[in-house]
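Numbering (my numbering), first residue to last: 427 to 629.
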C-alpha cells in the first residue's frame, strides 16, 4: 500500500464532527503522492521545485500515473502547482480504484466523514496496515490527516515534524497552505452567494 491509499482508508473509516471536504482530501492525496515519489527516488526537491529523476515503476498503478504526469522541463513545477494540478478530482480517482480492488465496500455508516452513503473500508490486510500506521502516530500520515481535519481523539497535539526530513516537511507545509487557501476561497464564495440571495430577498 501507499501513503495516499492509507490516507483515504483512514479518512473513509474515521468518525468526525464534520465531513472531510473532497477538495481538501484531493490536495492531501497529491501531497501524499509526492512524498511517496520522494521515497521511491522518482523525484527530488530543489527548493520548492519538483525535479523528476529517471522514471521507474513504483509497483502502484496510481503512483505510476503520478510519475508519468510530472513536468520534465525546467524550471519544473513547484510543489504548490503540483498539488493544485494533480489534486484536481484525485479523491474520486483513489476512491474508485479502491472500490474496484475491493478495499472499500458499500456498507452504510451514520457518522462517517462523508455526507452521503459512501463506501467504507473492507476487512483486509490493506485496511489493517493503514489502521496500524494511524494508531502508531506515524508522522507523515498524521500530518496529512490533520491537514484535512482528521484528528486522533487521543491527543490534541499537532503531529511532530521533527521526525521528517526537509523535503517532506516542505510538501506537508504546502499541503497545509493549499488547504487553508481552498477553505478561504470556499468561505468567500459562500459569503458572496449569501449576499446575492439577500439581494433577491430585498434584505
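Glycine included, C-beta positions come from ideal geometry on N, C-alpha and C. Treat the numbers as computed from the prediction; the structure is a model and nothing was measured.
Taking DSSP as the reference, what is the three-state secondary structure of residue i?
i           : result
residue 564 : coil
residue 611 : helix
residue 525 : helix
residue 601 : helix
residue 594 : helix
residue 536 : Bear in mind that a pLDDT of 42 at residue 536, under 50, signals an unreliable position, so the model cannot answer this.
Report yes if the CB atom of residue i is closer than 9 Å to the CB atom of residue j, and no otherwise.
i           : j           : result
residue 557 : residue 474 : no
residue 570 : residue 433 : yes
residue 455 : residue 430 : yes
residue 565 : residue 439 : no
residue 530 : residue 435 : yes
residue 464 : residue 594 : yes
Alpha carbon to alpha carbon, what distance is there between residue j and residue i?
i           : j           : result
residue 608 : residue 560 : 25 Å
residue 462 : residue 428 : 7 Å
residue 541 : residue 448 : At residue 541 the pLDDT is 45, less than 50, meaning the model places this residue with poor confidence; the figure from the coordinates comes in the next sentence. Residue 541 and residue 448: Cα-Cα distance of roughly 11 Å.
residue 509 : residue 492 : 11 Å
residue 527 : residue 598 : 28 Å
residue 592 : residue 459 : 16 Å
residue 536 : residue 481 : Its pLDDT being 42, under 50, residue 536 is placed unreliably by the model, and nothing is read from it.
residue 469 : residue 515 : 22 Å
residue 488 : residue 520 : 8 Å
residue 393 : residue 477 : Summary: the structure shown does not reach residue 393, with the chain confined to residues 427 through 629, and so no result is reported for it.
Hey, quick one: how far does the alpha helix (DSSP H) through residue i stretch, first residue to last?
i           : result
residue 439 : 429-439
Run through the segment 460-522 for me and flag every whole alpha helix (DSSP H) of 4 or more residues, listed as ranges in chain order. Within the segment 460-522, the complete alpha helix (DSSP H) runs of at least 4 residues are 487-494, 505-512.
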